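To start, the structure itself, in structure tokens.
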Amino acid sequence: MEQNNAAIQHIDTLSRSRYSIKQEGNQVEQTIEDKHKGILEFVLEEIENELETEEETKVQELKEDELESAIISVSNNETLQFDTSWVNPMSDRSNPITDKVNHPICAEDREQLKKNTITDKLHTLETLEHVKLEKQNLKEQERHLYQEIRIRELALDNEIVLLEGREKNLNMQSDQLLKEKKLLEEEKTSLKREKKGCAISRVRKITILMRG
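Have a look at this one:
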């Protein structure tokens, strides 16, 4: 009887362990989905930012090309000419030579402008390189995470198989114990009947002896 109760308790414990392992497996799957979703959203955001940066870079390069063309044009002419006829209303606008004033561009300013342009381009390249490295790191982290989760899943599957095997053995033992219990109960009933028969025989013998 005690062995039967112990076997039933053990089966119940194994069932609970199996349920707990299944719950843990479900939590692992949910964790995988959440992390994959978070990584995907982050990568998409980084790609959008990269595309916006590239677009801004192209616009900036177009502006810089236009500015550089203007600088080259000015460098070739060495002077900028502005219409100042509005300063002197009495000036003769029909004579363009007298209505222009020369404004030389400083060579240092041109050089500084070129340096600033180069610095901006280098900064943009560094930013793009940083984004690429971050994406590579995220992919590597995702790969390691997937491997760890897969290993854990396989371990849980093996543990579940072992628990199912133990549960099956315990069920067989429980069935055997129930059969033995039934046989013991039948034997007990038979012994009680035999005992009752002995008691009846004894009473009869005593009665006969007393009458005799």
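Under this note's numbering, think of the first position of the sequence shown as 4, with each following residue one higher. For every residue, glycine included, the Cβ atom is placed at its ideal position computed from N, Cα and C. Computed from a prediction, not measured in an experiment: that's the story for all the values here.
Just to confirm, is the Cβ distance from residue i to residue j under 8 angstroms?
i, j, result
"F45", "L159", "no"
"E49", "E137", "yes"
"V134", "E51", "no"
"Q63", "D123", "yes"
The ligand FMN heavy atoms versus the CB of residue i: any closer than 7 angstroms?
i, result
"E114", "For the ligand FMN, the structure offers nothing, since it holds no ligand at all."
Return helix, strand or coil for residue i, following the three-state DSSP convention.
i, result
"Q115", "helix"
Examine the Cβ distances between the region 127 to 135 and the region 48 to 65 and report whether three or more of them are shorter than 8 angstroms.
Short answer: they touch.
Go through the region 161 to 215 residue by residue and report every complete run of the alpha helix (DSSP H) that reaches 4 residues or more, in order.
none
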